[in-house]
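Notes for the one structure printed next.
Residue numbers (this note's numbering): 49 to 170.
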């Protein structure tokens, strides 16, 4: 099914947060660890950054709170991906795949070209 979305460009952090929610709801710390794992530790979300992003994504209807649980005396809010959020992840994934494919094709063509000759002008 193709969704007609007004998908504003997603930041890499927002994309990874949405992707981390694609398979199951997660709480804040779970999202921080999933985003770190998915980015091979390149992206380390701070709590303030995460919750600001979750607020924006919730406002756009891409995620929503699912439930609150108390664990070890601490309240944990779990978030889940909405259908609109899943469609946004799908659309962004397809966009990135298309761009990566185009880049690979250009690199392959470049590799087939003769190396440029460096001439000395004198």
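We put the CB at the ideal spot given by N, CA and C, even for glycine. It should be emphasised that the depicted structure is a prediction, and the values quoted were computed from it without experimental measurement.
Environment of residue i [buried if 16+ CB atoms lie within 10 Å]
i: residue 123; result: exposed
i: residue 53; result: Interpretation of residue 53 is limited by its pLDDT of 48, a score under 50 that renders its predicted location unreliable; no figure is taken from the coordinates.
i: residue 62; result: buried
i: residue 94; result: exposed
i: residue 74; result: buried
Per-residue DSSP class, three states only, for residue i
i: residue 123; result: strand
i: residue 115; result: strand
i: residue 78; result: helix
The ligand NAP heavy atom lying under 7 Å from the CB of residue i
i: residue 123; result: This structure lacks the ligand NAP; in fact it carries no ligand of any kind.
Residue i - partner residues in DSSP beta bridges
i: residue 129; result: 111
Best match in the options for proximity to residue i [C-alpha to C-alpha]
i: residue 116; options: 127, 109, 110; result: 127
For the segment 142 to 155 against the segment 73 to 93, are there 3 or more C-beta pairs whose distance is under 8 Å?
-> no
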